[in-house]
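A.B. asks:
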Amino acid sequence: MDAIILQLLNGLDKGSAYALIALGLTLIFGTLGVVNFAHGALFMIGAFCAVTLQRILSFSYVVEDPTQKDFLGRPLKVQTPYIESWFGPDFGSAIIDWSVPLAILFSIPIMIAIGFIMERGLIKHFYKRPHADQILVTFGLAIVLQEIVRTYYGANPIQTPAPQAFVGSFDFGSLLGFDPNVVIYPYWRMVYFGFSALIIGAVFAFLRFTTFGMVVRAGMADRETVGLLGLNIDKRFTLMFGLAAAVAGLAGVMYAPINAPNYHMGMDFLVLSFVVVVVGGMGSLPGAVLAGFMLGILESFASMNEVKDYFDGIDQIIIYLVAIVVLLTRPRGLMGRKGVMED
Amino acid sequence: MSKFTTTRRGLIKSGVVGGAGLAMPTIFTSSAFGYTNEPTGSTVTLGFNVPQTGPYAEEGLDELRAQELAVEHLNGMGDGGMLNTFSSKALKGNGILGKKVQFVTGDTQTKSDAARASAKSMIEKDGAVMINGGSSSGVAVAVQGLCQEAGVIFMAGLTHSNDTTGKDKKRNGFRHFFNGYMSAAALAPVLKNAYGSDRRAYHLTADYTWGWTQQESIAAATEAMGWETVNNVLTPLASTDFSSYIAPVLNSGADVLVLNHYGGNMVNSLTNAIQFGLRDKIVNGKQFEIVVPLYSELMAAGAGKNVEGVIGSMNWNWQLQDDGTQAFVKSFGEKYGRPPSNSAHTCYVQTLLYADACERAGTFNPCGVVDALEGFEFDGMGNGPVLYRAEDHQCFKDVLVMKGKENPTNEYDTLEIVEVTPRAQVEYAPDHPMFAGGELGACNPGA
Chain A
2 MDAIILQLLN
12 GLDKGSAYAL
22 IALGLTLIFG
32 TLGVVNFAHG
42 ALFMIGAFCA
52 VTLQRILSFS
62 YVVEDPTQKD
72 FLGRPLKVQT
82 PYIESWFGPD
92 FGSAIIDWSV
102 PLAILFSIPI
112 MIAIGFIMER
122 GLIKHFYKRP
132 HADQILVTFG
142 LAIVLQEIVR
152 TYYGANPIQT
162 PAPQAFVGSF
172 DFGSLLGFDP
182 NVVIYPYWRM
192 VYFGFSALII
202 GAVFAFLRFT
212 TFGMVVRAGM
222 ADRETVGLLG
232 LNIDKRFTLM
242 FGLAAAVAGL
252 AGVMYAPINA
262 PNYHMGMDFL
272 VLSFVVVVVG
282 GMGSLPGAVL
292 AGFMLGILES
302 FASMNEVKDY
312 FDGIDQIIIY
322 LVAIVVLLTR
332 PRGLMGRKGV
342 MED
Chain B
412 MSKFTTTRRG
422 LIKSGVVGGA
432 GLAMPTIFTS
442 SAFGYTNEPT
452 GSTVTLGFNV
462 PQTGPYAEEG
472 LDELRAQELA
482 VEHLNGMGDG
492 GMLNTFSSKA
502 LKGNGILGKK
512 VQFVTGDTQT
522 KSDAARASAK
532 SMIEKDGAVM
542 INGGSSSGVA
552 VAVQGLCQEA
562 GVIFMAGLTH
572 SNDTTGKDKK
582 RNGFRHFFNG
592 YMSAAALAPV
602 LKNAYGSDRR
612 AYHLTADYTW
622 GWTQQESIAA
632 ATEAMGWETV
642 NNVLTPLAST
652 DFSSYIAPVL
662 NSGADVLVLN
672 HYGGNMVNSL
682 TNAIQFGLRD
692 KIVNGKQFEI
702 VVPLYSELMA
712 AGAGKNVEGV
722 IGSMNWNWQL
732 QDDGTQAFVK
742 SFGEKYGRPP
752 SNSAHTCYVQ
762 TLLYADACER
772 AGTFNPCGVV
782 DALEGFEFDG
792 MGNGPVLYRA
802 EDHQCFKDVL
812 VMKGKENPTN
822 EYDTLEIVEV
832 TPRAQVEYAP
842 DHPMFAGGEL
852 GACNPGA
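Listed in order, the protein sequences are those of chains A and B.
Per the working numbering, residue 2 is the first one in the first sequence, and the count goes up by one each step.
Per the working numbering, residue 412 is the first one in the second sequence, and the count goes up by one each step.
Written as structure tokens, this is what we have:
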């Protein structure tokens, strides 16, 4: 039972990442009809926003310490962050310590701007082209973006730790009557799940309860009719691209302490997120979220040794197996709409 | 106008001469007709095949730095580095056999097919007589096979699988780097001293040649000293989040987690294990511990504070105090402003060893180089006295047991040397079962 609870928790935080990326993908597909293979790269850029802010806050001046030596026997160059000299060592280091949460604010304008530039600069030229062309151009863009990041940040993963206050694990087992330290879960992964739920809720509320959102939803249902009413739906859809980029970026920012960011991390999530979108139903926002959590949890359960003893390697194919079963029984996905990608 | 007539005697003479030619062993014909990419001008070209893109690009870049430095030293530029401390004095700083050394580079991308393609291109288009470098055992095995077929020498870079000089060994291939068996043999006594002989180990293992042989080696070595292997879970190389593999460790009854992972896998699995608070747990009345059998400085830097106190092993480290290490670190540090990694060291040393073998053999012919390297004993290259064993082309030397430093003073100060395990403790017989199944075969000069 303890193992099942642990994997359920694991699945929730994996599912959070899948759901957030799939939500952004679906927003773009639902509004602009574009299959955006650069969406994983936006997730990666979000994570590197956290890395960048950490580096900006840690920007240091150098003082030679003759009492210590470097690897060549020269006086050691000791680096002290400017922020610590401006605000004092305690408060300065606390600001650096909280660089990941601060990066949420830092990343939002950056991601919206990147999304806007991507849409206006490149993707709008492919609206009326076949989906295969859209996939090729956005996949190429993803490679360009990740190579730019690799050039500036290198290929090695870069540790971007969570604030000290969130280091460690919560003992769920003690709450549920298990032995201590049997069902424990890292604080930051719990934060990630809560944050994802908040973002998903905010996106749904924005689309449901604002006039802007109402127009966007109407445009997703019937773009031509909304246009005939004199509403500039293209402008709103461009803003939705920026919003989708921001959602992917925020997912990346908060994911940075879970796994050290590297330039390739977007590709690692991209294919799985597309499977999530297809299983959830192309163009369906609730479907993307539902499928994200469902597949995240199933993937975690499939990783249990007790399961793999019976089906070796099942953890590697479970998501694709589920996709096949869902598409055979519900060709439009779990919550797919009629007419989407069926022409 | 001439008349061409065929006589019976003439036909028999021609047949005898032709038959003798065909029956002659290829070693004689090849020396008579040359070998692959025999240098004819005033230069000789070496091929440096390293990951320049992909997940090990940082390591590849460091290998390339060291290879460039080696070429500088071979051509008499710079301070000479390890040429000054190398026990063999065949190299004079005037190139190799009087020919100026130049090099071409290829990008392995840490993919076997890409690595073979780039090595093939360097051999066929650029005329490379030797291929050196790489950061993966899968790549090393693939490129070694290609070099054997092409008739050039392969001086492996970072490859730690037992198979490289075990079942996949080749006569034209040589490995200076240590292997999984040696890591395990060096680590086991240190682990016993540090954590005791009554331990239950849970292994997470990268699912490819290096992971399998590393796990087999460390499990055998730790079981021999009394540890129990609770479980071994194979993890796909493409895994990024190891939380679902770490979670079962919590209730497995294990009190040690062995991460048979390297590179990004190691960084992520170690980070995940620390996040789950494994090292804060008390299991079976003992402090939970994590072991990383193969360390690298670059990966330790990637793992950050998570490596603190974690024990692993290395082929070499810049903190060693012998003359060879000091000379290399000085050359490298002054040129690039950073200490070299152990993958940089092995590529540098391999380049010098190849050049030295050519000088001693008096030829670039791969078969002559093979003869010069087989059974070669040397010193002054940072690892103490070293033997290139003839039976499997594996270097035997001291192995370093390392530990993540508790209070690093700078970005390069991530690991500390716990013990220098003497060579005798990590040696094994050429027919050891973990290395069984392959044959060196015959040397291939190509052409």
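Cβ coordinates follow ideal geometry from the N, Cα and C atoms, glycine included.
1. Would you call A:Gly231 buried or exposed, if buried means 16 or more other Cβ atoms sit within 10 Å of its Cβ?
2. Quick check on the DSSP output: the alpha helix (DSSP H) that includes B:Gln520 runs from which residue to which?
3. For B:Gly549, count the other beta carbons within 10 Å of its own beta carbon; 16 or more makes it buried, fewer makes it exposed. Which is it?
4. Can you grab the Cα-Cα spacing for the pair B:Asp734 / B:Val740, in whole Å?
5. In chain B, which residues lie with their C-beta within 8 Å of the C-beta of A:Arg151?
6. Between the region 784-791 of chain B and the region 99-109 of chain A, do three or more beta carbon pairs fall short of 8 Å?
7. I think A:Gly281 touches A:Ala23, with their Cβ atoms under 8 Å apart; what is that distance to the nearest whole Å?
8. Cβ atoms of B:Ile828 and B:Asn753: under 8 Å apart, would you say?
9. Give a yes or no on whether 8 Å exceeds the smallest Cβ distance from A:Gln165 to chain B.
10. Identify each residue in the region 683-701 of chain B for which the Cβ-Cβ distance to at least one residue of chain A is less than 7 Å, and report them in chain order.
11. Could one say the Cβ of A:Pro102 lies closer than 8 Å to chain B's Cβ atoms, at least one of them?
12. I'd like to confirm the pairing. Which residues does DSSP put opposite A:Val326 in its beta bridges?
13. Closer than 7 Å between beta carbons: that is the criterion. Which residues of the region 659-682 of chain B meet it against chain A?
14. Check whether chain B comes within 8 Å of A:Trp1, counting only Cβ atoms and requiring the distance to be less than that.
15. By how many angstroms is the C-alpha of A:Val79 removed from the C-alpha of B:Gly487?
16. Return the residues of the region 299-311 of chain A that lie within a Cβ-Cβ distance of less than 9 Å from chain B, sorted by chain order.
17. Taking A:Ala261 as the query, report the chain B residues whose CB atoms sit under 8 Å from its CB, ordered along the chain.
18. B:Ala617 to A:Gly297, Cα distance in whole Å?
19. For B:Asp652, which residues in chain A fall below 8 Å Cβ to Cβ?
20. Specify the secondary structure class of A:Asp66 as computed by DSSP and reduced to three states.
21. Using the Cβ count rule (16 or more neighbours within 10 Å means buried), how would you classify B:Asp809?
22. Just by C-beta distance, which residues in the region 59-70 of chain A are closer than 7 Å to chain B?
23. Which residues bound the alpha helix (DSSP H) around B:Ala596?
24. With B:Glu474 as the anchor, note down where its beta strand (DSSP E) starts and where it stops.
25. Buried or exposed: B:Gly637, going by 16 or more other Cβ atoms within 10 Å of its Cβ?
26. Return the chain-ordered list of same chain residues with a C-beta closer than 7 Å to the C-beta of B:Glu770, the five sequence neighbours on each side being excluded.
27. Interface residues of chain B around A:Ala4 at Cβ under 7 Å?
28. Please confirm if B:Ala847 has its CB atom under 8 Å from at least one CB of chain A.
29. B:Tyr759: buried (16+ other C-beta within 10 angstroms of its C-beta) or exposed?
30. For the beta strand (DSSP E) that B:His614 lies in, which residues bound it at each end?
31. The alpha helix (DSSP H) that contains A:Phe117, what's its start and end?
32. Judging by CA-CA distance, which residue of A:Leu33, A:Leu21 and A:Ala20 is the nearest neighbour of A:Leu240?
33. Does the distance from the CB of B:Lys578 to the CB of B:Ala801 come in under 8 Å?
34. At 4 residues or longer, what runs of the alpha helix (DSSP H) sit wholly inside the region 237-297 of chain A?
35. So, is B:Thr440 buried or exposed, given that buried needs 16 or more other C-beta atoms within 10 angstroms?
36. Distance, Cα to Cα, B:Thr496 vs B:Phe743?
C.D. replies: Reading off the structure:
1. exposed
2. Where B:Gln520 is concerned, there is no enclosing alpha helix (DSSP H), given that its DSSP letter is neither H nor E.
3. buried
4. Looking at the backbone, the Cα of B:Asp734 and that of B:Val740 are separated by about 10 Å.
5. Thr464 and Ala468
6. By the Cβ test, the region 784-791 of chain B is not in contact with the region 99-109 of chain A, since fewer than three Cβ pairs between them sit closer than 8 Å.
7. 7 Å
8. no
9. no
10. So the close ones are Gln686, Phe687, Gly688 and Lys692.
11. Not one chain B Cβ lies under 8 Å of A:Pro102.
12. In the DSSP output, where bridge partners are listed per residue, A:Val326 has none listed.
13. Taking 7 Å as the Cβ-Cβ cut-off against chain A, the residues of the region 659-682 of chain B that qualify are Pro659, Leu661, Asn662, Gly675, Val678, Asn679 and Thr682.
14. Past the boundaries of the shown model lies residue 1 of chain A; chain A is included only from 2 to 344, so the question cannot be answered.
15. Going from the Cα of B:Gly487 to the Cα of A:Val79 covers about 35 Å.
16. Glu300, Ser301, Phe302, Ala303, Ser304, Met305, Asn306, Glu307 and Lys309
17. Val678, Asn679, Thr682, Gly713, Ala714 and Gly715
18. 22 Å
19. Lys15, Ile259 and Asn260
20. strand
21. buried
22. Gln69
23. Gly591 to Tyr606
24. Looking at the DSSP string, B:Glu474 is not in any beta strand (DSSP E); the run it does join, the alpha helix (DSSP H), is Ala468 to Leu485.
25. exposed
26. Ala501, Leu502, Ile507 and Leu508
27. Pro659 and Asn662
28. no
29. buried
30. Arg611 to Ala617
31. Ser100 to Gly122
32. Relative to A:Leu240, the option among A:Leu33, A:Leu21 and A:Ala20 whose CA is nearest is A:Leu33.
33. no
34. 266-281
35. The predicted model places B:Thr440 with a pLDDT of 41, which falls under 50 and marks its position as unreliable, so this point remains unresolved.
36. 15 Å
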